[in-house]
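Colleague: Chains as they are written, first to last, in my numbering: chain A, 1 to 111; chain B, 112 to 344.
Just so it is clear, CB atoms sit at the ideal spot from N, CA and C, and this is done for glycine as well.
(1) Work out the CA separation of residue 43(A) and residue 31(A) for me, nearest whole Å.
(2) Considering only C-alpha positions, which residue in the set 263(B), 270(B), 284(B) is nearest to residue 301(B)?
(3) Can you list, in chain order, the stretches of the beta strand (DSSP E) that have 3 or more residues and sit fully within the region 124-152 of chain B?
(4) Assign residue 239(B) to buried or exposed, taking buried as 16 or more other Cβ atoms, counted over all protein chains shown, within 10 Å of its Cβ.
(5) Residues of chain B with CB closer than 9 Å to the CB of residue 28(A), please, in chain order.
(6) How long is the line joining the alpha carbons of residue 196(B) and residue 270(B), rounded to whole angstroms?
(7) Which residues in the same chain as residue 4(A) place their Cβ atom closer than 7 Å to its Cβ, once the five residues preceding and following it in sequence are excluded?
(8) The alpha helix (DSSP H) that contains residue 58(A), what's its start and end?
(9) Can you confirm whether residue 122(B), when its beta carbon is compared against all beta carbons of chain A, has any partner nearer than 7 Å?
(10) Along the chain, where does the alpha helix (DSSP H) containing residue 199(B) start, and where does it finish?
(11) Is the region 33-49 of chain A touching the region 172-190 of chain B, taking contact as three or more C-beta pairs under 8 Å?
(12) Step through the CB atoms of chain A and report whether any lies within less than 7 Å of the CB of residue 339(B).
(13) Can you tell me where the alpha helix (DSSP H) with residue 162(B) in it begins and where it stops?
(14) So residue 307(B) is in the beta strand (DSSP E); what residue range does that whole segment cover?
(15) Taking residue 62(A) as the query, report the chain B residues whose CB atoms sit under 7 Å from its CB, ordered along the chain.
(16) DSSP state of residue 330(B), grouped into three classes?
(17) Report the option in 179(B), 215(B), 209(B), 210(B) whose CA atom is closest to the CA atom of residue 202(B).
(18) If you draw a straight line from the alpha carbon of residue 347(B) to that of residue 130(B), how long is it in whole angstroms?
(19) How should residue 166(B) be labelled, buried or exposed, when 16 other C-beta atoms within 10 angstroms of its C-beta is the threshold for buried?
(20) Pick out whichever of 215(B), 255(B), 217(B) has its Cα sitting closest to the Cα of residue 282(B).
(21) If you measure from the beta carbon of residue 115(A) to each beta carbon in chain B, is any gap under 7 Å?
(22) On the DSSP bridge assignment, give the partners of residue 279(B) in chain order.
(23) Counting only C-beta atoms, is residue 12(A) closer than 7 Å to chain B at any point?
Pasting the structure below:
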């Protein structure tokens, strides 16, 4: 299983702590809200809205370094849009919960 | 180069703004989470570059580009690799960046901006010719109106009324702004409060024209231009 990491954020920030704080704060705040919305839309079988939620969440997956998780989320998003047989739900949910757990630590512990 | 960032995702806006801050030639003037606010801003400000997300709710980046009469240079940003071919069908699109955007790839895109301007100037006239419609902001929706459907535009204080055969739209704008967006060969300002579609005229009296059931005043100073534009027998 992939582990979240800050490689991308650190490369981008080049030591700019204010930027790192801002970006992590945005992720801490928005990811759980977007995840709730995803669960609600999936439960209601609103697949287009669910695909839109996955689209937004997969960017956050990539920012936090889950490369394989990002590829899986892209396939999941396409399957939802094309109403294909959906196989990616469980691993997507698992990845998002790993990220929420990772982000639940205080900012100074994450960075 | 003055630029704006349009993306519904605040993390994405932060990242693009950070990347822009490292490029000395870029100056980020503002950021927008939706296309409608950005269009309003572009109507009143000169911008050289837009960093534009393709996938936004209700109004996509491609819809956004279609609303711009003279679009500035655009760098598309997206989490979806599948739109690359469509992206380059738009002459104002300089580059297409897939998220998460790496710094080296961003720098390449910025380098393309300066060489791109020459190509854009060469093709600008043909771009302008292709536009046949206008998007207006009505109750937070962008409504498309074909130029050929417009009968008259009337100034109403801080608003304008755009009348077609079957609809009337009240829009927060000025007559001058819409006049600049409408094709000169089709429309004429006949009075300080009225722009008319010349092809919709039913008849003309001394100081007025009839368009559908509306009698539109023609001011003395605009009358000669109106007469010049008519195919008189």
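Modeller: On the basis of the coordinates in this document:
(1) Residue numbering aside, residue 31(A) sits at position 31 when the first chain is read from its first letter. Residue numbering aside, residue 43(A) sits at position 43 when the first chain is read from its first letter. Whole-angstrom Cα-Cα distance: 18 Å.
(2) As a first step, residue 301(B) must be located in the second chain, where it is residue number 190. The option with the nearest alpha carbon to residue 301(B) is 263(B).
(3) List check, beta strand (DSSP E) in window: 138-143.
(4) Reading the second chain from its first residue, position 128 is the one you call residue 239(B). Since pLDDT at residue 239(B) reaches only 46, below the 50 mark, its modelled position is unreliable, and no value is offered.
(5) In the first chain, counting from the first residue as 1, residue 28(A) sits at position 28. Among the residues of chain B, none has a CB under 9 Å from the CB of residue 28(A); the nearest is roughly 11 Å distant.
(6) Looking up residue 196(B) in the second chain gives position 85. Looking up residue 270(B) in the second chain gives position 159. When the Cα atoms are used, residue 196(B) and residue 270(B) turn out to be separated by approximately 40 Å.
(7) By 1-based counting over the first chain, the position of residue 4(A) is 4. The answer, listed in chain order, is 64, 65, 66, 98, 99, 102.
(8) Taking the first chain and counting its residues from 1, the one referred to as residue 58(A) is at position 58. Unbroken alpha helix (DSSP H) run through residue 58(A): 47-63.
(9) Here residue 122(B) refers to the residue found at position 11 when the second chain is read from its first residue. Yes, its Cβ sits closer than 7 Å to a Cβ of chain A.
(10) Taking the second chain and counting its residues from 1, the one referred to as residue 199(B) is at position 88. Here residue 199(B) belongs to no alpha helix (DSSP H), and DSSP marks it neither H nor E.
(11) Flag = no, the region 33-49 of chain A and the region 172-190 of chain B do not touch.
(12) Stepping through the second chain from its first residue, residue 339(B) is reached at position 228. Output row for residue 339(B): interface = no.
(13) Position 51 of the second chain, counted from the first residue, corresponds to residue 162(B). First-last for residue 162(B): 160-164, but that is the beta strand (DSSP E), not the alpha helix (DSSP H).
(14) Looking up residue 307(B) in the second chain gives position 196. Per DSSP, residue 307(B) belongs to the beta strand (DSSP E) from 305-308.
(15) Indexing the first chain from 1 puts residue 62(A) at position 62. Here the neighbours are 210, 211.
(16) Along the second chain, read from residue 1 onward, the residue named residue 330(B) stands at position 219. In the structure shown, residue 330(B) sits in coil (DSSP, three-state: anything other than H, G, I, E or B).
(17) One-based indexing of the second chain puts residue 202(B) at position 91. Looking at the Cα atoms, 179(B) is the closest of the given residues.
(18) The displayed coordinates of chain B run from 112 to 344. Any statement about residue 347(B) would go beyond what the structure contains.
(19) Position 55 of the second chain, counted from the first residue, corresponds to residue 166(B). In this structure residue 166(B) is buried. Its beta-carbon is surrounded by 16 or more other beta-carbon atoms within 10 angstroms.
(20) Position 171 of the second chain holds residue 282(B). Of the listed residues, the one whose Cα sits closest to residue 282(B) is 255(B).
(21) It is not possible to answer for residue 115(A), since the shown part of chain A is limited to 1 through 111.
(22) Within the second chain, numbered from 1, the residue matching residue 279(B) stands at position 168. For residue 279(B), which the question treats as bridged, DSSP gives the partners 274(B).
(23) Residue numbering aside, residue 12(A) sits at position 12 when the first chain is read from its first letter. Closer than 7 Å: yes.
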